[in-house]
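To keep things clear, I will list the structure first and then write my remarks on it.
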Amino acid sequence: MDMKLELVSVPVTDVDRAKEFYVRAGFNADHDHTVSDTVRFVQLTPPGSACSIAIGLGLTSMAPGSLDNLQMVVADADAARADLLARGIEVSEVDDQPWGRFVFFSDPDGNGWSLQQLPAWSAAAQAD
């Protein structure tokens with residue numbers, strides 16, 4: 001049986017501020033619906049991803065900023081870094097490790113993201 005991760009809740013304090021940040025970072029704003037005074041659901045999808053994030057009111061009991069190291073894979077860490085910088089997103093230098101090249105950034109609440117460029121040996125294994 002296949003199981004596909006499709007949605008991850010990201011806890012934030014200010015939904016509009018977080019939505020603006022993620023759209024500026026290149027995420028697509030798929031859905032924004034206010035159900036009631038206590039429930040608002042905003043779905044955003046990173047470019048090229050099959051998995052989206054949800055921000056809003058009444059969606060999770062996690063503390064804003066409590067997620068660390070949400071990870072996405074990119075083809076080129078340098079290009080991803082340059083793109084985020086051009087969009088006004090504060091981003092780390094590229095961190096070269098034996099298991100990949102990484103770029104790190106955080107949303108306004110401190111939820112931490114990493115972008116990983118897979119090493120050549122890993123990318124070659126996936127092509128087989």
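Each residue of the sequence shown is one higher than the last, beginning at 1 in UniProt numbering. Here a beta-carbon is modelled for each residue, glycine too, at the ideal position from N, C-alpha and C.
No Cβ-Cβ contact shorter than 8 angstroms links S36 with Q43.
With contact defined as three or more Cβ pairs closer than 8 angstroms, the region 61-78 and the region 4-15 are in contact. N28 is positioned such that its CB atom lies no closer than 8 angstroms to that of L70. The UniProt domain "VOC" (4-118) is shown to contain whole alpha helix (DSSP H) runs of 4 or more residues at 15-24, 77-86, in chain order. Straight through space, the alpha carbons of P108 and F21 are spaced by roughly 7 angstroms. For the pair K4 and A77, the CB atoms are not nearer than the 8 angstroms cut-off. The shortest C-alpha to C-alpha distance from A86 to any of L7, V10, D2, R24 is the one to R24.
Taking all protein chains in view, the Cβ of V103 is crowded by 16 or more other Cβ atoms within 10 Å, so the residue is classified as buried. Taking C-beta atoms under 8 angstroms as the contact rule, R101 and V91 fail to qualify, at a distance of about 13 angstroms. Of the residues V10, D96, M1, the one whose Cα lies closest to the Cα of D68 is V10.
Taking 8 angstroms as the cut-off, the Cβ atoms of R40 and G56 count as close.
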